[in-house]
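Single-structure report; data block below.
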Amino acid sequence: MFQKKQLKYFDIWIIIIMIALVIIGIIAIGSATHVNNPDIEPYYVNKQITGFIMGFVLMLIIAFIDYRFIGHFYPLLYIIVIGLLVAVLTLGKEVSGAVRWLEFGPITIQPSEFGKIIMILVLAKVMDKFQKHINHIGVVLFVFLLVGLPILLIQKQPDLSTSLVLLFIVAAQFYVAKMSYGYIITGAGLGTLGLLFVWWGAHQPGQVFLRKFLKNHQVNRIMSFIDPQTYAMSGAYQTQQSIRAIGSGQLQGKGLYQGTLNQFQYLLEARTDFIFAVIGEEFGFIGCVTVIILISLLLFRCLWLAKDVPDLYGQLIIVGVAAMIFFQSFVHIGVTTGFLPNTGIPLPFISYGLSALWSNMIGIGLVLNVGMARRKTYY
-8 MFQKKQLKYF DIWIIIIMIA LVIIGIIAIG SATHVNNPDI EPYYVNKQIT GFIMGFVLML
52 IIAFIDYRFI GHFYPLLYII VIGLLVAVLT LGKEVSGAVR WLEFGPITIQ PSEFGKIIMI
112 LVLAKVMDKF QKHINHIGVV LFVFLLVGLP ILLIQKQPDL STSLVLLFIV AAQFYVAKMS
172 YGYIITGAGL GTLGLLFVWW GAHQPGQVFL RKFLKNHQVN RIMSFIDPQT YAMSGAYQTQ
232 QSIRAIGSGQ LQGKGLYQGT LNQFQYLLEA RTDFIFAVIG EEFGFIGCVT VIILISLLLF
292 RCLWLAKDVP DLYGQLIIVG VAAMIFFQSF VHIGVTTGFL PNTGIPLPFI SYGLSALWSN
352 MIGIGLVLNV GMARRKTYY
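So for the sequence shown, the working numbering puts the first residue at -8; every next one is plus one.
Have a look at this one:
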């Protein structure tokens, strides 16, 4: 269990960076929900602030419960995540054609967000347990079976973006667990073939092959990315407006509440999936770079801690959390700048949404937890 002497290894810099990101997020959410109607703004801002306070308490609780003790319950944690995902499909609340949320009185949560954290713990424990046989085909298949069931349930919602996050997490953890380069190259090859198939399918009449494997809205997002001019007023509209918003911000931005595309509601989903565009329009290149630097520092700090953790299980937890934050940040920024097709991924610690915020803060709690077991201190 936790010992007081470990407090000297408590990493305050990770918390400082995280708080800076949350503050930027609250300011951006305030602007994104202002939209010439100041009466709406306080609701989302106040809810995000309340969520941050609750998340901070939750983060500290997680930070001071020894991660090795938590690891003993990985079978139960796995059952819980499967149970929650099944509950979503049977009892969930439908929003915009997707069933991803459960209502508990005044609180609505998205179980798949917490599922990512639970799967980080479960996969870390399993890979640690079978590390000596990590390249055995039976172990590899078992790990993919473990992660495959949640992905299958998440796809039923449907939620492709969360499934991709989970796949990236398991790939990062496999790499740290010293998976054979043969498997890694094979995985990369299969991924490349998948992308080529999507590209080929997108250029077939009516995209009939793609529509056999993907939902219509997913195919439309791919087509909007490949041919944005044709879909400029439909599927590509959000991304095109986002690119314009970021570009119009230039170096210093237009100023808080002064973003015309944001304030006149040309930016859809501005407080969630396109929050980076709000930052770009109102705080310019400087604001965008500041966010990217802060996220990079957070990831660097996490990985810096991981290299001095005495056990593989702890390293896999930190790497899993870092992979989750990196992938979500990379994809969100890629989507808002037109580099990637729209997937609907929030920007960690910045986008509005309590489930995503709590999930990321629990992840930071785990990083702090594992970090207190390291051998050295860096300031």
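For every residue, glycine included, the Cβ atom is placed at its ideal position computed from N, Cα and C.
What's the C-alpha gap between LEU157 and THR24?
Here residue 157 refers to the residue found at position 166 of the sequence shown. Here residue 24 refers to the residue found at position 33 of the sequence shown. So the two alpha carbons sit approximately 30 Å from each other.
If contacts are defined as beta-carbon pairs under 8 Å, then ASN253 and SER22 qualify, I think. What distance do you get, rounded to the angstrom?
Taking the sequence shown and counting its residues from 1, the one referred to as residue 253 is at position 262. Taking the sequence shown and counting its residues from 1, the one referred to as residue 22 is at position 31. Rounded, the Cβ-Cβ distance is 6 Å, consistent with contact.
Among PRO301, LEU348, ILE309 and CYS279, the one whose alpha carbon lies nearest that of ARG292
The residue given as residue 292 occupies position 301 in the sequence shown. Closest in C-alpha terms to ARG292, from the list PRO301, LEU348, ILE309 and CYS279, comes ILE309.
If we call anything under 8 Å between Cβ atoms a contact, is ILE234 one with GLY329?
As a first step, residue 234 must be located in the sequence shown, where it is residue number 243. As a first step, residue 329 must be located in the sequence shown, where it is residue number 338. For ILE234 and GLY329, yes; Cβs fall inside 8 Å.
For THR99, three-class secondary structure by DSSP:
Numbered from 1 along the sequence shown, position 108 holds the residue referred to as residue 99. The answer is strand: DSSP assigns THR99 an E or B state.
Can you list, in chain order, the residues of its chain whose CB lies under 6 Å from that of GLY325, leaving out five sequence neighbours each side?
If you number the sequence shown from 1, residue 325 lands on position 334. Spatial neighbours of GLY325 in its own chain (CB-CB distance under 6 Å, excluding positions within 5 residues in sequence) are listed in chain order as LEU331.
Hey, SER152 and GLY344: beta-carbon distance below 8 Å or not?
As a first step, residue 152 is located in the sequence shown; it is residue number 161 there, counting from the start. As a first step, residue 344 is located in the sequence shown; it is residue number 353 there, counting from the start. In this structure, SER152 sits away from GLY344, with a CB-CB distance that is not shorter than 8 Å.
Would you kindly check if the distance between the Cβ of PHE43 and the Cβ of LEU348 is under 8 Å?
The residue you call residue 348 lines up with position 357 of the sequence shown. The residue you call residue 43 lines up with position 52 of the sequence shown. Result yes, Cβ atoms of LEU348 and PHE43 sit closer than 8 Å.
Can you check DSSP and say which residues form a bridge with GLU94?
Taking the first residue of the sequence shown as position 1, residue 94 is located at position 103. Beta-bridge pairing links GLU94 to THR99.
Can you have a look at SER215 and say buried or exposed, based on whether 16 or more other CB atoms are within 10 angstroms of its CB?
Translated into the one-based positions of the sequence shown, residue 215 becomes position 224. Buried is the call here.
Taking the Cβ atom as the reference point for each residue, do THR263 and SER342 lie within a distance shorter than 8 Å?
Position 272 of the sequence shown, counting from 1, holds the residue named residue 263. Position 351 of the sequence shown, counting from 1, holds the residue named residue 342. It is a contact, given that the beta carbons lie within the stated cut-off.
Is it the case that the Cβ atoms of ILE353 and LEU49 are separated by a distance below 8 Å?
Your numbering for residue 353 matches position 362 in the sequence shown. Your numbering for residue 49 matches position 58 in the sequence shown. Contact: yes.
Does DSSP classify GLU85 as helix, strand or coil?
If you number the sequence shown from 1, residue 85 lands on position 94. Correct three-state label for GLU85: strand.
Same chain only: Cβ atoms within 8 Å of LEU51, ignoring 5 sequence neighbours per side
Position 60 of the sequence shown, counting from 1, holds the residue named residue 51. These residues qualify, in order along the chain: GLY356.
So what's PHE216 in DSSP terms, helix, strand or just coil?
Indexing the sequence shown from 1 puts residue 216 at position 225. If DSSP states are grouped into helix, strand and coil, PHE216 belongs with the helices.
Identity of the residue in HIS127, GLN164 and ILE128 nearest LEU114 by Cα:
Counting from 1 along the sequence shown, the entry for residue 114 is found at position 123. The residue among HIS127, GLN164 and ILE128 with its C-alpha nearest the C-alpha of LEU114 is GLN164.
Whole-angstrom distance between GLN39 and PHE188, CA atom to CA atom
As a working mapping, residue 188 is identified with position 197 in the sequence shown. As a working mapping, residue 39 is identified with position 48 in the sequence shown. Approximately 41 Å between the Cα atoms of the pair.
What is the residue span of the alpha helix (DSSP H) that GLU272 lies within?
Taking the first residue of the sequence shown as 1, we reach residue 272 at position 281. It spans 266 to 297 - the alpha helix (DSSP H) in which GLU272 sits, taken as one unbroken run.
Suppose you measure from the CA of GLY62 to the CA of LYS116; what does that come to, to the nearest Å?
For this step, residue 62 is matched to residue 71 along the sequence shown. For this step, residue 116 is matched to residue 125 along the sequence shown. Whole-angstrom Cα-Cα distance: 6 Å.
Is VAL412 buried or exposed, if buried means 16 or more other CB atoms sit within 10 Å of its CB?
A question about residue 412 goes unanswered here, because the residues of the chain that appear run from -8 up to 370.
Starting from PRO141, trace the alpha helix (DSSP H) both ways and give me its first and last residue.
Your numbering for residue 141 matches position 150 in the sequence shown. For PRO141, the enclosing alpha helix (DSSP H) has its first and last residue at 128 to 146.
Where the alpha helix (DSSP H) through LEU155 begins and ends:
To locate residue 155, count along the sequence shown from 1; it is residue 164. Boundaries of the alpha helix (DSSP H) around LEU155: 151 to 167.
By a C-beta neighbour count over all protein chains shown, 10 Å radius and 16 as the cutoff for buried, is LEU338 buried or exposed?
Along the sequence shown, read from residue 1 onward, the residue named residue 338 stands at position 347. LEU338 should be labelled buried.
What is the DSSP secondary structure of LYS120, counted as helix, strand or coil?
By 1-based counting over the sequence shown, the position of residue 120 is 129. Collapsing the DSSP output to three states places LYS120 in a helix.
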